[in-house]
Amino acid sequence: MLSANIRKFCFGAVMAVLAGPSLADLPVETVAVATTPPANRYRLYLSDMVISHFIDGKLLILDGESFKVLGNVSLGLTGHATLSPDRSEILVSTAYFTKLNRGERIAELDVYDATTLKLKAEISVPSKHAQSMPYRGAVRTSADGRFVFLQNATPATSVSIVDRVAGKFVTEVPTPGCWMIYPAQSVPNRFATLCGDGTMLTITLDAEGKPADRKKSAKFFDADEDALFVAGEQTGDNYTFLTFKGNVQVVNVAGEQAVAEKPWPLLTAADLKAGWRPGGYQPLALQEKSGRLYATMHPKGKEGSHKDPAKEIWGFDLATKKRVARVPGHHATVLAVTRGDEPKLYAVSTEKQTIAVFAASDKLKHLKTAGPFAETATQLDVQ
Amino acid sequence: MKWFDDFFEGGTRRAAQSISRRSAISRIGKLLVGTAFLLPVLPFDRVGKAVAASKDKHDDDTTCEYWRYCALDGFLCTCCGGSISACPPGTEVSKVTWVGTCHNPNDGKDYLISYNDCCGAVTCGRCGCNYNIGERPGYRMGVHNDINWCMANSSNTYHCTVAAIVGLGES
Chain A
181 MLSANIRKFC FGAVMAVLAG PSLADLPVET VAVATTPPAN RYRLYLSDMV
231 ISHFIDGKLL ILDGESFKVL GNVSLGLTGH ATLSPDRSEI LVSTAYFTKL
281 NRGERIAELD VYDATTLKLK AEISVPSKHA QSMPYRGAVR TSADGRFVFL
331 QNATPATSVS IVDRVAGKFV TEVPTPGCWM IYPAQSVPNR FATLCGDGTM
381 LTITLDAEGK PADRKKSAKF FDADEDALFV AGEQTGDNYT FLTFKGNVQV
431 VNVAGEQAVA EKPWPLLTAA DLKAGWRPGG YQPLALQEKS GRLYATMHPK
481 GKEGSHKDPA KEIWGFDLAT KKRVARVPGH HATVLAVTRG DEPKLYAVST
531 EKQTIAVFAA SDKLKHLKTA GPFAETATQL DVQ
Chain B
3 MKWFDDFFEG GTRRAAQSIS RRSAISRIGK LLVGTAFLLP VLPFDRVGKA
53 VAASKDKHDD DTTCEYWRYC ALDGFLCTCC GGSISACPPG TEVSKVTWVG
103 TCHNPNDGKD YLISYNDCCG AVTCGRCGCN YNIGERPGYR MGVHNDINWC
153 MANSSNTYHC TVAAIVGLGE S
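In order, the protein sequences belong to chains A and B. Here my numbering is used: the first residue of the first sequence is 181, the next is one more, and so on. Here my numbering is used: the first residue of the second sequence is 3, the next is one more, and so on.
See below:
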């Protein structure tokens with residue numbers, strides 16, 4: 181029988197072995213607030229209207245390489261977000277009720293610092309902002325960033341003009357029968373809007389931001405027979421749109437009147453016979469440097485299928501207008517592609533709320549699918 | 003309110019659908035007179051119409067296949083404390099509305115249906131349904147379904163949608 185001292189020694193030795201070598205205490209920490217890391221070209225901004233409780237939408241900011249969540253910005257009641265031209269600010273057109281679901285409706289343009297994600301300005305605007313799903317074009321800045329244009333709907337449509345520099349609402353421009361905002365790049369005081377009569381209305385502002393001129397384009401589309409998706413891609417003064425039946429329509433908005441180019445078809449005769457059509461909420465992505473256009477496509481399309489998710493994603497060479505890529509669609513309803521070199525194409529599934537990413541340099545190469553990240557995201561913007 | 007379909011797979015894609023006649027415009031124009039807002043230009047040039055394909059469900063007003071829901075997008079008030087033509091307690095009826103023409107398989111007639119949103123309470127979130135037949139972007143606001151049709155009410159949070167008969171369609 182071992183003595184009590186020996187038993188104590190053995191017990192201590194065993195415990196020392198189990199505990200391993202002696203470690204220093206972990207340092208005491210101070211809780212702080214993070215800032216987002218320096219943005220690269222793969223930063224993503226995912227707008228989520230959270231349809232089942234859409235009084236508190238959000239903008240999710242993601243690293244499009246690691247898919248790490250970098251932060252969230254509150255969007256309020258059907259809020260719409262856009263970036264300033266220098267990407268230093270996130271601008272949100274939204275409203276809030278004083279008592280959650282009732283009370284006074286306070287509409288404003290909220291300005292967030294894009295690095296700290298802190299609210300840095302609140303600019304009061306008329307309580308008319310469009311309570312719609314998030315779409316590019318529901319809020320945009322002028323090319324120089326001075327003015328911010330907010331889409332209204334009561335349901336009569338108009339655009340509120342905000343002077344970002346002065347920090348105040350300027351005026352409201354009636355735009356009956358027209359929808360979404362497409363600023364010119366070369367003329368900072370000018371924007372156009374798509375109209376249900378198949379035209380674009382161009383509004384030119386004076387130096388104070390008040391409307392000085394308004395002119396309609398010639399009719400270039402038929403909203404009954406082949407409507408335009410409003411989610412267009414901007415390259416300079418040009419906007420590229422898809423039509424419900426799969427045509428590509430480029431419109432130049434530099435002048436006092438918008439000028440439409442001749443549309444061209446995505447579809448071959450065989451595609452047409454199989455009923456392929458674009459579908460989704462942001463069905464088009466355009467990569468300017470590589471000259472590629474991408475579209476979310478579904479077969480057996482028909483009237484009413486224009487929001488159907490993609491069975492395939494197609495890529496086109498803008499120079500030859502020929503299809504150069506064709507990959508599985510990942511149920512995508514939203515596309516966005518990064519700018520510059522080594523582009524990546526992102527495809528958001530509305531059903532699954534996942535994001536598939538493709539290397540888009542040549543053929544589309546699926547890299548991975550990440551998420552889900554949101555509840556009901558329908559808009560994706562890139563840095 | 004008429005929201006979007008991908009979240010609401012139930013039933014919407016399973017239904018056979020077709021476009022109604024443009025002659026419905028005049029009837030819809032008359033309906034709009036009764037609303038609080040008159041749109042600057044009557045935008046209704048097409049109205050959704052669908053024929054329910056599933057006979058066992060076209061009489062159940064808590065399913066998307068119910069015949070009156072041929073052009074409805076939103077959460078069914080029949081799942082939220084209301085009925086086919088009554089908003090749930092504590093809500094109010096939307097002042098602006100979207101109209102469809104639906105075929106009733108029981109009597110073989112087409113009916114004009116008013117899809118009023120019910121407003122003022124937080125979103126119900128049950129029994130989401132959606133059709134996009136005849137739907138167009140907001141440049142045709144009256145047939146746009148990605149927007150809150152409680153927008154003209156003083157308390158304009160969206161709760162759910164009813165589907166009331168407001169007349170006979172053209173045969």
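We treat Cβ as the ideally placed atom computed from N, Cα and C, and that holds for glycine. Source: prediction; values computed, not measured.
Item: As assigned by DSSP and simplified to three states, the class of MET229 (chain A); Value: coil
Item: Straight-line Cα distance separating PRO463 (chain A) from GLU531 (chain A); Value: 15 Å
Item: Residue interval of the beta strand (DSSP E) (run including LYS453 (chain A)); Value: Note, LYS453 (chain A): premise wrong, no beta strand (DSSP E); alpha helix (DSSP H) at 449-453.
Item: Burial state of VAL49 (chain B) (16 or more Cβ within 10 Å); Value: The pLDDT assigned to VAL49 (chain B) is 30, lower than 50, so where the model puts this residue is not dependable; a value taken from the coordinates is nonetheless given after this. So VAL49 (chain B) counts as buried.
Item: Unbroken stretches of the alpha helix (DSSP H), 4 residues or longer, contained in the stretch 389-474 of chain A; Value: 449-453
Item: Runs of beta strand (DSSP E) wholly within the stretch 242-311 of chain A (minimum 3 residues, chain order); Value: 249-256, 260-263, 269-277, 285-293 and 299-304
Item: Alpha-carbon to alpha-carbon, GLN533 (chain A) and VAL230 (chain A); Value: 11 Å
Item: Short-range partners of chain B found in the stretch 329-347 of chain A, where Cβ spacing is below 9 Å; Value: GLN331, ALA333, THR334, PRO335, ALA336 and THR337
Item: Neighbouring residues, chain B, relative to HIS486 (chain A) (Cβ below 7 Å); Value: ASN134
Item: Within chain B, the residues that PHE234 (chain A) reaches when beta carbons sit closer than 7 Å; Value: THR125
Item: Opening and closing residue of the beta strand (DSSP E) in which GLN559 (chain A) lies; Value: 557-562
Item: SER96 (chain B) to ASN155 (chain B) span [Cα, whole Å]; Value: 6 Å
Item: The stretch 450-463 of chain A / the stretch 428-436 of chain A touching (three or more Cβ pairs under 8 Å); Value: no
Item: Cutoff 7 Å: GLN414 (chain A) Cβ touching any chain B Cβ; Value: no
Item: Under 7 Å from the C-beta of VAL98 (chain B): neighbouring residues of chain A; Value: PRO335
Item: Proximal residues, the stretch 79-92 of chain B versus chain C, C-beta separation under 9 Å; Value: Among the protein chains of the structure shown, namely A and B, there is no chain C.
Item: Separation of CYS375 (chain A) from LEU250 (chain A), as counted between CA atoms; Value: 37 Å
Item: Nonlocal neighbours in the same chain, by C-beta distance under 7 Å from CYS152 (chain B), ignoring five residues either side; Value: MET3, SER96, ASP119, CYS121, ASN158, THR159 and TYR160
Item: Identified DSSP bridge partners for HIS478 (chain A); Value: A:ARG457
Item: Short CB-CB distance (under 7 Å) between PRO107 (chain B) and chain A; Value: no
Item: Nearest-angstrom Cα separation, counted from ASP148 (chain B) out to VAL562 (chain A); Value: 23 Å
Item: Contact between the stretch 410-427 of chain A and the stretch 438-450 of chain A (3+ Cβ pairs under 8 Å); Value: yes
Item: Nearest-angstrom Cα separation, counted from LYS543 (chain A) out to PRO508 (chain A); Value: 13 Å
Item: Rounded Cβ spacing between THR513 (chain A) and VAL528 (chain A) (contact assumed at less than 8 Å); Value: 7 Å
Item: Proximity test, Cβ basis, 7 Å: ASP148 (chain B) and chain A; Value: yes
Item: CA-to-CA distance, THR420 (chain A) to TYR71 (chain B), given in whole angstroms; Value: 35 Å
Item: The stretch 318-330 of chain A / the stretch 263-281 of chain A touching (three or more Cβ pairs under 8 Å); Value: yes
Item: Interface residues of chain B facing THR258 (chain A) [CB-CB closer than 8 Å]; Value: ASN150
Item: SER340 (chain A): first and last residue of the uninterrupted beta strand (DSSP E) it sits in; Value: 337-343
Item: Partner residues on chain B for ARG282 (chain A), Cβ-Cβ distance less than 8 Å; Value: GLY122, SER157 and THR159
Item: Per-residue DSSP class, three states only, for ILE167 (chain B); Value: strand
Item: Range of the contiguous beta strand (DSSP E) that encloses GLY495 (chain A); Value: 492-497
Item: Cβ-Cβ distance between LYS390 (chain A) and THR355 (chain A) below 7 Å; Value: no
Item: 7 Å Cβ cutoff, ARG138 (chain B) in contact with chain A; Value: yes
Item: TRP444 (chain A) at chain B interface by Cβ criterion, 7 Å; Value: no
Item: Cα-Cα separation, GLY136 (chain B) to LYS298 (chain A); Value: 42 Å
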